[in-house]
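Chains as they are written, first to last, in our numbering: chain A, 272 to 716; chain P, 2 to 773. Even for Gly, the Cβ is constructed at its ideal location relative to N, Cα and C. Contents: one structure, followed by commentary.
Written out as C-alpha cells, the structure is:
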C-alpha cells in the first residue's frame with residue numbers, strides 16, 4: 272500500500288542559480304482572485320496613463336541645411352543612412368546613429384526637386400530645377416578626387432520628381448510627362464502622357480514593380496503600366512493631390528495626400544470610391560509615407576504637424592509637432608518601422624519615434640511581457656470613456672487647435688445645410704452622397 | 002462651312018431686328034427709301050436663312066441666274082444638288098459602246114464591294130488600349146487578394162517576412178581564401194596535415210571514412226535489430242524470474258524443485274556420456290554437498306522448529322510427517338554415492354544401480370507416496386478424491402434452482418444468481434467439514450437426501466439468511482406484479498423446505514412498501530385475513546394490487562381535470578355569452594371573434610403592465626431590517642420563533658424613500674436604478690467589430706492577466722499583433738514570400754521587347770521637342 276504524504280521535491284522550489292527567479296506556486300482558483308474585471312480596468316487605466324506620461328517621441332533634430340528641406344530618401348540597405356535635398360540645390364547624407372552629416376554635395380542650381388536611391392544602395396539620383404538628372408555614388412570621393420556625379424542627363428524640361436525601380440536598373444522621372452529611363456541610356460526608353468500638365472510626383476509600386484502612380488496639378492491621379500507602356504486609369508479629385516504612396520504589403524492599395532486636408536486610400540482596381548478617407552489635418556497634406564509593415568502611414572502637412580494614421584481608420588492615432596517645426600514638406604518612415612523622419616521648411620530634419628511611448632533599446636523578457644500585457648489591456652478597455660479620453664488627449668499648438676474648432680463648426684454647418692436641403696425638397700430628388708464619394712469628381716478610363 | 006454660314010445669317014437676322022426696332026423708337030430718317038430697298042433684300046435673305054435652318058432643305062441649290070465658276074469641266078456637278086453621285090449616272094453615256102464592256106464589268110464589281118470603315122481616331126484607340134491594359138493589370142493584382150486578406154486578419158505578423166539564411170559561410174570556403182602566415186598558424190597547419198585532418202570539402206578523416214565503409218547501412222540495421230531482440234529477451238526472462246520468485250505456494254516450489262532435479266539428473270547423464278571428466282567434477286560437487294550436510298545440523302531435527310514439532314508429533318499427524326520428511330532428507334543427502342570412485346568400465350554394467358542410487362528421493366517422492374507407507378499422503382489422496390466427488394454434487398444441486406430463477410423474470414436474475422453462488426459455496430464448505438469429520442462418509446446421494454443432510458448441518462444463521470433472501474425474492478416478485486400461476490408453481494419446490502419456518506412465523510416482518518400496500522388494501526377492500534401460506538398470499542395480492550394502481554391514476558386525472566376546468570374553461574364560458582348579445586351577426590364572424598378572443602384570452606396587457614409596475618415599485622422600496630437573534634433571552638430551538646415583542650423591538654423600519662418619479666404617471670415605469678456615477682464609466686455604444694452586447698461583455702469578462710491565467714495562456718493572450726525584429730530592414734512583400742511565382746521576365750526586358758508603340762511615340766516626342 273502506498274502511504275500518501277506531503278513531499279517536498281527540491282526540484283520544485285530550489286533555483287538552479289542565484290540569478291533565476293524564485294518559483295512561486297500559484298493557485299488559479301477563480302474564487303481566490305475575485306474582481307478580475309475591475310482590477311484589469313484599473314490596470315488598463317494605469318497603463319494608458321503611463322503611456323501618456325512616457326510619450327516623448329522627439330529624438331533628434333539634424334541641422335545643417337541652409338534652406339528648406341525639399342526631399343528625403345532612405346538608404347535601402349543601411350538603416351542609419353538618410354539623404355536629403357534642400358531648396359538651394361544642396362544634398363546631404365546623414366548618419367542617424369551619430370546624428371551628424373557625413374557628406375555634403377552641391378548637386379544642382381536651384382531646388383533639388385527629387386532624390387532617390389538605387390535598390391542596391393551604391394548610388395543615388397537627384398533631379399533639380401536645372402533640368403538635369405544626376406547619378407551620384409553613395410560613397411564619397413577618394414582623397415584628392417573631386418565631387419562629381421557619375422552621370423548627368425540634360426533634359427529638355429524641368430523634372431519635378433524621380434523614383435527608382437525596386438529591382439531593376441530603371442528609374443522614372445516626372446515633369447511634363449512620365450519618363451521611364453534605362454540607367455545606361457541618356458534618352459528615356461518610354462514616355463507616357465495623358466493630357467498636358469505638370470506632374471508633381473511619380474512612385475513605383477513596390478510589390479508589382481511595373482506599376483506606377485503619379486499625381487498632376489490638374490487634380491488627377493494617373494496610374495501607369497510600365498510593361499505595356501500605357502496609362503491605365505485616371506481619377507480626378509476635388510483638389511490637387513500632392514503625392515501618393517503605395518502600400519508595401521498590399522499590391523493594389525495606395526494613399527494620396529491631398530490639398531483638401533484629407534488623405535485618401537484607394538484600391539487601384541476601384542478608383543471611384545476610396546477605401547478610406549483620413550481626415551485630421553487642418554491644412555494641405557504635403558507628403559505621405561507608409562510604414563514598412565503596411566499597417567500605418569505618416570503624413571506631413573502644411574499645418575506644421577505630422578500625423579500617424581492606421582490604414583483602416585479615418586482618424587489619426589498620433590500627432591507630432593514642435594514649436595520650431597514649420598511647414599513639413601517631406602516625411603519618411605524608416606525601414607525598420609521604428610522611426611519617422613521629417614524635413615521641414617526651417618531647414619531641419621527631425622527624427623521621431625513611431626510609437627511615442629516606446630522604450631528604446633533592448634528589453635528584458637519581463638519588460639517585454641509587461642509591455643505586451645499593457646498593450647493588450649489598453650486595447651481591451653479602449654472603449655471605456657475615461658480610458659478613451661486619456662488615450663486620445665493630445666496637446667496641440669494653439670493654431671492647430673483653433674483651426675480644428677473652426678473647421679468643426681464649418682463642417683457642422685455644411686452638414687446641417689445639407690440635411691435641411693434634403694429635408695425640404697421632394698424625397699428622392701436630392702441624392703445622399705457618402706463622405707467617401709463626395710471628393711471624387713470623375714474616373715476616366 | 003455650313004455652320005459659319007448659319008452663324009452669319011443669324012447675325013444678319015439680329016441686325017435686321019435691330020433695324021426693325023429702331024423705327025418704333027425714333028423718327029424715320031431721310032434715307033428711308035434706301036433703307037426700304039435694303040430691307041426687302043434683307044428680308045429675302047432672312048427667309049432663305051430660316052428655310053435653310055431646316056436641315057433637309059438646307060442644301061437646295063440656289064437658282065442660277067448668272068455664269069458661275071463652279072461649273073466643272075466634266076459637266077457633272079454634285080454640289081448643291083443634294084443627291085449623291087451614283088455610279089449609274091457615270092455609266093449612262095457608256096451604255097451604247099460595247100468596247101467598254103470590260104470596264105463596265107469592273108465597275109460593277111466595284112459597286113458590289115463595301116466601303117472600308119473609317120479608322121478610329123487616336124483618342125479612341127488609346128482609350129481602348131488603356132482599358133485592356135487596366136483589365137489585365139487588375140487580373141494580375143487580384144492574385145494578391147487572399148494574401149492581403151490573410152495578413153489583415155492575422156493574429157500576429159512577424160516582420161521581416163522573408164526568412165533570412167544565416168550568413169555563416171562553411172569552413173572550407175573560409176579556409177580556401179586564407180593562408181597561414183604567422184609561425185603559430187603554420188605550426189597548427191602542419192599539425193593538422195600530419196593528422197591528415199581534411200581541410201577541403203568532405204570533412205572526414207580517413208579513419209572516419211573507413212569506418213563509414215566498414216559497415217553498410219543494412220548490416221548495421223540488422224545488427225541493431227539483433228541487439229534489440231536480445232535485450233528484449235533478457236528483460237522477459239528477468240521479469241519471469243522475478244515473478245516466479247514472488248510465488249508463495251510451497252507446492253509450486255516443490256514441483257519446480259523436482260523439475261530442476263530431474264533436469265539436473267538428465268544433464269548429468271548426458272554429461273557422463275559426452276564428457277566424463279566434467280561428470281566427475283559434478284559428482285565431486287554432489288559429494289561436497291553431502292559432506293556439508295553431514296557437517297551441518299540442518300536436517301537433523303535439532304532446530305527450534307523441529308523441537309516444537311517433536312512436541313506436537315504425539316498428537317498431530319502432520320507434524321509427525323514433517324519430521325519424518327526432514328529425516329528422510331537428511332538421510333538422502335548424507336547417503337554416500339558408490340559410483341563416484343568406480344572406474345569407467347564398470348559403468349555400463351552398474352548403470353541401473355547407479356541410477357537408482359543417484360536419483361534423490363525427492364525426485365520420485367510421488368512413487369514412494371503411491372506405494373509407500375506414508376499414511377498422511379495416502380489419506381490426503383483419498384480425501385482429495387472424495388472431495389472431488391462431493392464437489393461434483395453441489396454443482397448438480399443448485400442447477401435446477403438456477404434454471405428456475407433464470408426462467409423467471411429477468412429482473413430477479415442478478416439477485417438470484419448471487420444467492421445461488423452463496424448457497425453453493427456454503428454447501429461445499431459444509432460438505433468438506435463433514436468429510437473431514439467422518440472419513441467413511443457415504444458418497445453423495447440423491448438430491449433430496451443431500452438436502453436433508455445439509456439442512457441438518459447448516460447453522461441457524463444460514464437458514465435465517467436463506468429465508469431472508471427468499472423473502473426478498475418473493476417481495477420483488479410482488480413488486481413486479483407478474484405473479485403468474487406457473488411461476489409460483491415452479492417456485493414451490495424451492496420454498497418447500499422453508500415451509501415449516503414460515504408456518505412458525507406467519508406475521509413475518511415485511512418491508513415498508515408491503516406494509517403500505519397492506520394498509521391500502523385495508524382501505525379499499527374489506528379486510529382479508531392474511532393466509533399463512535406464502536404463495537397463496539402472493540397469488541391473492543397480485544390481483545388485488547392491480548386494480549389499485551389504475552384507481553389512483555384515475556384519481557389524479559380527475560384532479561388535473563378540475564384544475565383545467567378552473568383555468569381554461571373561463572374564456573370559453575365568456576365566448577358562450579357573446580352570441581346572446583349579438584344574435585344577428587354572421588356565424589363566420591362570430592366564430593372568428595370567438596377564436597381571436599380565445600387566442601388572446603390569456604394576455605391582458607394592461608393588467609400585466611400594472612402588475613409589472615407594482616412589482617417594480619415593490620422592488621425599489623427600501624426593505625426593513627430585522628435584527629432579532631433567536632434564542633437570546635428566551636428558549637430557542639427548532640420550530641421556535643422569537644416572540645412578537647422581541648421581533649417588534651429589533652425590527653428597524655426603513656425610512657421611506659423619495660417619491661417615485663412615475664408616481665403620477667399611470668402609464669409609465671421609470672427605472673430609478675440607473676446610477677449616473679457608474680454610467681460615466683460605462684461604454685455607451687457597442688464598439689465596432691461586435692454585433693451583440695453579450696459578445697463585448699464576454700471579452701471584457703475574460704481576464705488576460707497572469708493573475709488569472711497560466712503562464713502559457715498568458716503569453717498566448719498577450720501576443721502582440723505586429724512583431725518587428727530590431728535592426729532589421731523590412732522589405733516590401735514579394736511574390737516568393739507568399740509562395741507565388743514571380744514573373745521570370747524583368748520589367749525592363751518586357752519594355753524593350755515591346756518596341757513598336759514606344760518607338761513611334763518616342764520618335765514623335767523627339768520630333769516635337771526638336772521642333773520646339
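Residue range of the beta strand (DSSP E) that residue i falls in?
{"i": "residue 433 of chain A", "result": "432-435"}
{"i": "residue 335 of chain P", "result": "Element bounds for residue 335 of chain P: not the beta strand (DSSP E) but the alpha helix (DSSP H), 318-335."}
{"i": "residue 513 of chain A", "result": "512-517"}
{"i": "residue 713 of chain A", "result": "711-715"}
{"i": "residue 452 of chain A", "result": "449-453"}
{"i": "residue 502 of chain A", "result": "501-508"}
{"i": "residue 331 of chain A", "result": "329-334"}
{"i": "residue 324 of chain A", "result": "Unbroken run through residue 324 of chain A is the alpha helix (DSSP H), 307-324; no beta strand (DSSP E)."}
{"i": "residue 370 of chain A", "result": "Looking at the DSSP string, residue 370 of chain A is not in any beta strand (DSSP E), and its letter there is neither H nor E."}
Among the options, which residue has its Cα nearest to the Cα of residue i?
{"i": "residue 744 of chain P", "options": "A:498, A:393, A:550, A:516", "result": "A:498"}
{"i": "residue 666 of chain P", "options": "P:690, P:680, P:687, P:618", "result": "P:618"}
{"i": "residue 147 of chain P", "options": "A:502, A:443, A:352, A:522", "result": "A:522"}
{"i": "residue 657 of chain P", "options": "P:623, P:213, P:674, P:315", "result": "P:623"}
{"i": "residue 779 of chain P", "options": "A:336, A:403, A:495", "result": "Missing from the structure shown is residue 779 of chain P; chain P here goes from 2 to 773 and no further."}
{"i": "residue 367 of chain A", "options": "A:284, A:562, A:606, A:548", "result": "A:606"}
{"i": "residue 635 of chain P", "options": "P:648, P:626, P:625", "result": "P:648"}
{"i": "residue 750 of chain P", "options": "A:438, A:389, A:328, A:294", "result": "A:438"}
So, at 8 angstroms on beta carbons, what are the nonlocal neighbours of residue i in its own chain, with the 5 sequence-adjacent residues on each side left out?
{"i": "residue 300 of chain A", "result": "none"}
{"i": "residue 156 of chain P", "result": "720, 722"}
{"i": "residue 701 of chain A", "result": "692, 693"}
{"i": "residue 372 of chain P", "result": "Legend: pLDDT at residue 372 of chain P = 45, less than 50; position of this residue unreliable, no value from coordinates given."}
Can you list, in chain order, the residues of its chain with a C-beta nearer than 7 angstroms to that of residue i? Leave out the 5 residues immediately preceding and following it.
{"i": "residue 567 of chain A", "result": "579, 580, 581, 582"}
{"i": "residue 736 of chain A", "result": "Since the first and last residues shown for chain A are 272 and 716, residue 736 of chain A lies out of range."}
{"i": "residue 626 of chain A", "result": "none"}
{"i": "residue 451 of chain A", "result": "441, 443, 459, 460, 461, 497"}
Considering only residues of the same chain and omitting the five flanking positions on each side of residue i, which have a CB-CB separation below 6 angstroms?
{"i": "residue 218 of chain A", "result": "Lying outside 272 to 716, the shown extent of chain A, residue 218 of chain A is not represented and no answer is given."}
{"i": "residue 236 of chain P", "result": "none"}
Taking the alpha helix (DSSP H) that residue i belongs to, which residues open and close that run?
{"i": "residue 131 of chain P", "result": "123-142"}
{"i": "residue 224 of chain P", "result": "218-247"}
{"i": "residue 153 of chain P", "result": "146-154"}
{"i": "residue 279 of chain P", "result": "277-296"}
{"i": "residue 344 of chain A", "result": "Run containing residue 344 of chain A: none in the alpha helix (DSSP H); it sits in the beta strand (DSSP E), 340-345."}
Could you tell me if residue i is buried or exposed, where buried requires 16 or more neighbouring beta carbons within 10 angstroms of its beta carbon?
{"i": "residue 574 of chain A", "result": "buried"}
{"i": "residue 712 of chain A", "result": "exposed"}
{"i": "residue 342 of chain A", "result": "buried"}
{"i": "residue 293 of chain P", "result": "exposed"}
{"i": "residue 408 of chain P", "result": "Any reading at residue 408 of chain P needs caution, since the residue's pLDDT is 43, under 50, leaving its predicted position unreliable; the model's value is listed next. So residue 408 of chain P counts as exposed."}
{"i": "residue 644 of chain A", "result": "buried"}
{"i": "residue 285 of chain A", "result": "exposed"}
{"i": "residue 136 of chain P", "result": "exposed"}
**Residues of the segment 604-625 of chain A with Cβ closer than 8 angstroms to any Cβ of chain P, in chain order** = 606, 607, 608, 609
**Request:** Give, in chain order, every residue of the segment 125-146 of chain P whose Cβ lies closer than 9 angstroms to some Cβ of chain A.
**Result:** 127, 128, 130, 131, 132, 133, 134, 135, 137, 138, 139, 141, 142, 143, 144, 145, 146
**Prompt:** Residues in the segment 290-309 of chain A with C-beta within 9 angstroms of chain P's C-beta atoms, listed in sequence order?
**Reply:** Residues of the segment 290-309 of chain A that bring their beta carbon within less than 9 angstroms of a beta carbon in chain P comprise 297, 299, 301, 304, 307, 308, in sequence order.
**Asked** Closer than 9 angstroms, Cβ to any Cβ of chain A: which residues of the segment 303-327 of chain P, in chain order?
**Response** For chain A, none of the residues of the segment 303-327 of chain P brings a beta carbon within less than 9 angstroms of one of its beta carbons.
**Asked** Listed from N- to C-terminal order along the chain, which residues in the segment 453-473 of chain A have their beta-carbon within a distance smaller than 9 angstroms of any beta-carbon of chain P?
**Response** 453, 458, 459, 460, 461, 462, 463, 464, 465
**Asked** Taking Cβ-Cβ distances below 7 angstroms as the criterion, which residues of the segment 488-506 of chain A are in contact with chain P?
**Response** 496, 497, 498, 499, 500, 501, 502, 503, 504
**Request:** Check distances from the C-beta atoms of the segment 715-739 of chain P to those of chain A and list, in chain order, the residues that come in under 9 angstroms.
**Result:** 715, 716, 718, 719, 720, 721, 722, 723, 725, 726, 727, 728, 729, 730, 731, 732, 733, 734, 735, 736
**Item:** Contacting positions in the segment 552-563 of chain A - beta carbon closer than 7 angstroms to chain P
**Value:** 563
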